[in-house]
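Taking it in order: structure first as structure tokens, then the write-up.
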Amino acid sequence: MQRALALDLGEKRIGVAVSDPLNIIAQAIGTIQRKDIKSDLKTIADFLKEYKADKLIIGLPLNMNGTKGKSAKLAIDFAEALKKEIQVDVEMIDERLTSAQGERIFLEADMSREKRKKNIDKIAAQLILQNYLDLHNM
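In my numbering, the protein residues as written are 324 to 461.
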């Protein structure tokens, strides 16, 4: 497997993270300001090409009881659009608590609310990818 790219889908922003070449460590690399589906997909395709990633991991925002709500359905639809448009291997992984985990990391680092808001999406993507890598490297 080459590198993997992870996405944390939000209504306004998409957090992006990439694995190292050995697929051991996830690194937050940026945030995509959402415009429309076409430009979002193009930007993601550009990230895949730039980092030579052949796998896309997308956070699946399940409800705390494990059911799929509106956000999960939107994420699944987005994943389907990606598969059609970009022909990339897409996997979805439970992302419950990654944003809360990221928020806690920022609070412990005593980061300002403004900086937290700006960085939470890419840190959530990093946590999603790290969880995925840890699961697959056991």
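For glycine and all other residues, C-beta sits at the position ideal for the given N, C-alpha and C.
Straight-line measurement puts the Cα of Ala398 at about 17 Å from the Cα of Ala368. Going by beta carbons, Pro384 and Glu418 fall inside the 8 Å limit. Here Ser362 is exposed. Its C-beta has fewer than 16 other C-beta atoms within 10 Å. Of Gln453, Gly382 and Ile360, the smallest CA-CA separation from Glu408 is found for Ile360. When DSSP states are grouped into helix, strand and coil, Lys335 belongs to the coil group. Assignment of Glu373 by DSSP, reduced to helix, strand and coil, places it in the helix class. In the structure shown, Ala432 adopts coil according to DSSP, grouped into three states. Taking C-beta separations shorter than 7 Å and ignoring five residues to either side along the sequence, the partners of Leu364 in its chain run Ala404, Leu405, Glu408 and Ile409, following chain order. From the listed residues Asp433, Phe401, Asp412 and Val339, the smallest Cα separation to Ala351 is found for Val339.
Per the coordinates, the alpha-carbon of Thr354 lies some 20 Å from the alpha-carbon of Ala395.
Ranked by Cα distance from Lys441, the first of Gln356, Leu450, Ile347 and Asp343 is Gln356. If you draw a straight line from the Cα of Asp444 to the Cα of Leu332, it comes to about 8 Å.
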